[in-house]
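Heads up: the sequence shown at position 115 corresponds to 202 in the numbering used here, and the numbers run straight through without jumps.
Worksheet: one structure, shown below.
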Amino acid sequence: MELKDLIEAARSVVPFTGAGISTECGIPDFRSPGGIWTKMRPIPFDEFLASQEMRDEAWRRRFAMEDHFGDAKPGRGHLALASLYRAGKVPGVVTQNIDNLHQASGIAADHVVELHGNSTYAACLDCAARYELPWVKQQFAAAGDRAPDCPACGGHIKSATVSFGQAMPERAMRRAEELTLGCDLFLTVGSSLVVWPAAGFPLMAKRNGARLVIINREPTDFDEIADLVVREDIGTVLAPLIAH
Ligand code: NAD
Ligand code: ZN
């Protein structure tokens, strides 16, 4: 069956998205040739905690990202998934992305399950108080390019993303599992499926009897268990699903 028929036949479709859905919006992925990964080693959580220099560097990178992709808009993939959501086919999206573009495409924040958090705001690691980026930026600059700590409790302030070595968010993991076990079509879009535990969800869906579709221009380790593999450009493949 083709993608369109699989979606039509499904009762509940759960999309699982990765960086590949946002590349056409101008945000590079990690593992494509020339991706962020090949240029900058990510800062693991323990190093962020251990040194002021690493926290300064993490924020310097975050502000540079803001300059480059701060005004990115949802792409055709995001819009197609939002159309399926509005039509009642998609109860929620599970995403590894941190760019807030599913919310920007019109999916209620409550229905976007973020496995790796969100980079568009910050939080205190100790008391969880939320801080907006412009405030962090102003504090950073005022202190001579020094990452600020929480005025309320003195804890470190980090963008609200999940770094390597940092615990996965429990509620998001639970909700992702519920969505995965409740669907009969699991739609993987733009993920290399190598980051765990996130990559466990396609496997969980398949074992639970759902059909599995993988849309990704490069092969993945799960292609052989998928019911359909579409190795083409995401925007081109999903554009026909956008409801006008
Ligand atoms: P990844 O970089 O490991 O894999 C992305 C995949 O998408 C690649 O296999 C690539 O071939 C494919 N791809 C890219 N553009 C495509 C297109 N237009 N059409 C079809 N396929 C395309 O990404 P991942 O699996 O999401 O893992 C990376 C981790 O980094 C994630 O955990 C995520 O949190 C984070 N990340 C997020 C963003 C973002 O929020 N936009 C960007 C970079 C990295
Ligand atoms: Zn605090």
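Ideal Cβ positions, reconstructed from N, Cα and C, are used throughout, including at glycine.
Query	Result
Enclosing alpha helix (DSSP H) for Pro289 [first to last residue]	Gly287 to Arg294
Residue range of the beta strand (DSSP E) that includes Pro115	Taken as a continuous stretch (DSSP letters only), Pro115 belongs to no beta strand (DSSP E), as it is neither H nor E.
Cβ contact (3+ pairs, closer than 8 angstroms) linking the segment 254 to 273 and the segment 140 to 160	no
Beta carbon of Asp197 nearer than 9 angstroms to that of His243	no
Counted within 10 angstroms of its Cβ, other Cβ atoms place Thr104 as buried (16 or more) or exposed	buried
Ala285 versus Asp236, Pro238 and Phe251, residue with shortest Cα-Cα distance	Phe251
Boundaries (first-last residue) of the beta strand (DSSP E) holding Thr207	Gly204 to Cys211
Check: Cys214 C-beta below 8 angstroms from any heavy atom of the ligand ZN	yes
Residue closest to Gln183, alpha-carbon to alpha-carbon, out of Arg294, Thr207 and Ser278	Ser278
Assigned secondary structure, Asp232 (DSSP; H/G/I helix, E/B strand, else coil)	coil
Which residues DSSP lists as bridging Pro102, in chain order	Leu274
Buried/exposed call for Lys91, threshold 16 Cβ in 10 Å	exposed
Any non-hydrogen atom of the ligand NAD within 8 angstroms of Ser105 CB	According to the sequence shown, residue 105 is Gly rather than Ser. Checking the Cβ of Gly105 against the ligand NAD gives yes.
Closer than 8 angstroms: Ala209 CB and nearest the ligand ZN heavy atom	no
CA nearest to the CA of Thr207, picked from Ser170, Cys240, Leu220 and Ala215	Leu220
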